Structures are given as structure tokens and as C-alpha cells.
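Residue numbers (my numbering): 222 to 414.
Cβ coordinates follow ideal geometry from the N, Cα and C atoms, glycine included.
Treat the numbers as computed from the prediction; the structure is a model and nothing was measured.
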């Protein structure tokens, strides 16, 4: 089935779940990432859209989408947007699963990957920050793919170089700066606080 056909069957057979899916997708601010996550979701539920007996599978996938609302949106979205733009679909899917598992197995505070004050203080090197982040999620740092590690390293570089001031202001509850780099995700998606 095409994505359009899957969505049509989903809407007809699981109207309530369909509405819940649309609400969950609203949590994703960037259009490109929202479309990617919608496509990923529809492909995942394709085997289940014809039978009400598979509703639990669909509910579980919607729960994963809703997870964007349980952790700080800018954190998870910045990573996923970066990986989406720079890596293939397989890497994106593995990265999404890894970050999702970190969030599930740790507290909300521990899963907030971007908002790590060590990134701003310069007191720790990137490798140590990465390892501590994944240890917080009860995952050993040396067990996830090297590609994903590289993704995180690249994101940290971008954070340090381009959106340091925005993130600092965000942590203080202030609005994001107006004169930051075009690479700043917060500016690109024009999020209103």
C-alpha cells in the first residue's frame, strides 16, 4: 500500500487513534521532521490497519510519537532534525530508537540531552559528555553504533559554535536571541515561547 492508502485505512478503521496520531504529530515543530515521522509511523502500522485486533500495536506507536511531549521538545528535535538532514534513513531510525530508549529508561531530567551545562562550561570533553549522557539512559556508551556517536559529536559542535547563547537564554527562561546563526534550529523553526 502507498502511504496515502495506509493513512486512509487508518483513518477509517481507527478514527480515535487517527486523531491521537495527529495530535502527537503537532508536537513536532519542523515540517520536514514532522513529515518524516508521519511516514515512519504509517510504514510501521501498515500491517495493522486492516484489523481492529491490532489496535494495541497502533496505540504503542502513537505513544512513541507522543513521547516528544514528555521530554523537552528542542532537545530531541534538534538531534533528529540534524540526523534527518545529514544521514540515511537507516541511521535516522536507529538514532531515533536509541534516543527513545534513553528517555524511557531514565528520568525526564536525565534524558534531556542537549541541556547539559557541561557543554557550556568547557569543563568536560565531548567524549565524556556523550558517555555520561548514555549512561544516564542505562545504556553502555560503547554499545551504540559509531555513526550515532558521530552524529552526537557533530551536534555538540553545532551547539557550541552556533546556538550556545540561545540555549543559555532558554535555560534561564528567556527568549531566544534574534541575531543568532541561520544554523540555529530555534531560529529556523521560529518557535514562539
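Sequence-distant Cβ neighbours of residue 259 in its own chain, meaning closer than 7 Å and more than five residues away, are 246.
Between residue 263 and residue 227, the gap from beta carbon to beta carbon is short of 8 Å. If you check the CB distance, residue 283 and residue 269 do not come in under 8 Å.
Of the other Cβ atoms in all chains shown, fewer than 16 fall within 10 Å of the Cβ of residue 243; this residue is therefore exposed. Straight through space, the alpha carbons of residue 308 and residue 240 are spaced by roughly 31 Å. If you ignore the 5 residues before and after residue 230, its C-beta comes within less than 8 Å of the C-beta of 222, 270 and 271, all in its own chain and listed in chain order. Secondary structure at residue 272: coil, using DSSP grouped into helix, strand and coil. The C-beta separation of residue 276 from residue 235 comes to about 7 Å, placing the pair in contact by the 8 Å criterion.
Between the alpha carbons of residue 252 and residue 233 lies a gap of roughly 25 Å. Residue 239 carries a helical assignment under DSSP once its states are collapsed to helix, strand and coil. In its chain, beyond the 5 residues on either side, 279 and 282 have a beta carbon closer than 6 Å to the beta carbon of residue 266.
From the listed residues 256, 248, 311 and 305, the smallest Cα separation to residue 224 is found for 256.
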